[in-house]
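Residue numbers (the UniProt record's numbering): 1 to 328.
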């Protein structure tokens, strides 16, 4: 029996049973055209081809593409990312760490860099689609370190969450795991940013953070909690779907300087509850006080805030309002 010619896949070999380009593209969260372009321009292609023509991607080939995605998502130029990714295929070659930042000057926190922010947000969404947890962690850390919390939240995390949410809505239940993974990593990153309570006086009244009853979206409140901790302001996080009775009890027990009520949709916005909280007084007789109530989230849109309430339009505005409450 004659030996197979070089480049001809053996029956049952990896090229015969590898993934198609379309399957690899779906796994990585990029288009099939992008995968083919990387192969044609930079040689980031399969080591073998079925019948010498059709691409079939073995696990080692997919690993190279995954590294390419990690690097380009972090801002590394395509040609440089291709060289680094292909270097991982050779025996003994060092593997670049996920999320290696692009060479060049690093922006100061808060310094505008819209294109870099958009590129990082797209990379975050793609890493979520391919369920790449290490890349998500690296991209989130880099975004906050380069731009600061507020731009990272408003220009990177929120657009990526919206993009994944739209894909989920368009594809039924196919991307539920993607949204859950991204949300978990964003939540983890926010909680790790600043140690809670840093620089706060132990007897300072806190900011009480709560989702209204039936509201499950906590990430915006977690971003606000991180920003308040960064500014040295005390917080108490009650989390998702806080019952009205529990919220009333927490307000009376903690005597907060402010209460932030998050509502994602108009169906969950409880204006009667907000009025009740704004009217709650506490403290010693003759010096009783009421909390400032911040109506946060799109669920409160459409009605003007009443006495004792304000409706911030962004994370930065909410942080500034609360800082002024403490005379900062």
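All C-beta atoms in this analysis are idealised placements derived from N, C-alpha and C, irrespective of residue type, glycine included.
Just how far apart, CA to CA, sit residue 293 and residue 278?
Their backbone Cα atoms lie some 6 Å apart in a straight line.
Is the beta carbon of residue 322 closer than 8 Å to that of residue 208?
No, these two residues do not count as a Cβ contact at 8 Å.
Are at least three pairs of beta-carbons, each pair with one atom in the region 297-316 and one in the region 233-251, less than 8 Å apart?
Taking 8 Å as the limit for Cβ pairs, the verdict is that the region 233-251 does not touch the region 297-316.
DSSP puts residue 310 in a beta bridge; with which residues?
DSSP output for residue 310 lists 294 as bridge partner(s).
Along the chain, which unbroken stretches of the alpha helix (DSSP H) at least 4 residues long are found entirely within the region 113-157?
Complete alpha helix (DSSP H) runs here, min 4: 114-129, 133-147.
Which value, in whole angstroms, describes the spacing of the CA atoms of residue 59 and residue 181?
Roughly 23 Å separates the two Cα atoms.
Taking the beta strand (DSSP E) that residue 57 belongs to, which residues open and close that run?
No beta strand (DSSP E) contains residue 57, which DSSP labels as neither H nor E.
May I ask which residues mark the beginning and end of the beta strand (DSSP E) holding residue 258?
Segment 258-262, the beta strand (DSSP E) holding residue 258.
Roughly how many angstroms separate the alpha carbons of residue 152 and residue 162, rounded to a whole number?
If you take the alpha carbons of residue 152 and residue 162, they lie about 14 Å apart.
Could you tell me which residues DSSP pairs with residue 210 in its beta bridges?
According to DSSP, which records beta bridges pairwise, residue 210 is partnered with 239, 261.
Quick check: does the Cβ of residue 277 come within less than 7 Å of any heavy atom belonging to the ligand MG?
The ligand content of the structure shown is nil, which means the ligand MG is not present either.
Just to confirm, is the Cβ distance from residue 186 to residue 263 under 8 Å?
No, these two residues do not count as a Cβ contact at 8 Å.
Which of helix, strand or coil does DSSP assign to residue 98?
Bear in mind that a pLDDT of 39 at residue 98, under 50, signals an unreliable position, so the number given afterwards is only what the model happens to contain. Residue state, collapsed to three classes: coil.
Roughly how many whole angstroms lie between the Cα atoms of residue 150 and residue 220?
In a straight line, the C-alpha of residue 150 is about 11 Å away from that of residue 220.
Output yes or no for whether 8 Å exceeds the beta carbon distance between residue 117 and residue 56.
No; because the gap between Cβ atoms is not below 8 Å, this pair is not in contact.
Name the two residues that bound the continuous alpha helix (DSSP H) containing residue 35.
Start and end: 32-42.
Are the Cβ atoms of residue 135 and residue 143 separated by less than 8 Å?
No, Cβ-Cβ distance for residue 135 and residue 143 is not below 8 Å.
Go ahead and pull the three-state DSSP assignment for residue 19.
Looking at residue 19 - three-state DSSP - the assignment turns out to be strand.
Quick check: what's the CA-CA separation for residue 265 versus residue 240?
Those two C-alpha atoms are separated by around 14 Å.
Name the two residues that bound the continuous alpha helix (DSSP H) containing residue 249.
Start and end: 244-254.
Can you find the residues in the same chain that come closer than 7 Å, C-beta to C-beta, to residue 109, ignoring five residues on each side of it along the sequence?
With a pLDDT of 41 at residue 109, under the threshold of 50, the modelled position of that residue is not reliable, and the figure given next carries that caveat. The residues are 147, 148.
For the alpha helix (DSSP H) containing residue 188, list its first residue and its last residue.
Note, residue 188: alpha helix (DSSP H), 176-193.
Identify whether residue 72 lies in helix, strand or coil by the three-state DSSP scheme.
Residue 72 falls in the helix class under three-state DSSP.
Between the beta-carbon of residue 222 and the beta-carbon of residue 273, is there less than 8 Å?
No; because the gap between Cβ atoms is not below 8 Å, this pair is not in contact.
Quick check on DSSP: helix, strand or coil for residue 104?
Below a pLDDT of 50, predicted positions are generally treated as unreliable, and residue 104, at 33, falls in that range; the measurement from the model is reported next regardless. Note: residue 104 maps to coil in three-state DSSP.
Grab the span of the alpha helix (DSSP H) containing residue 231 for me, first residue to last.
Residue 231 -> no alpha helix (DSSP H), and no H or E assigned at all.
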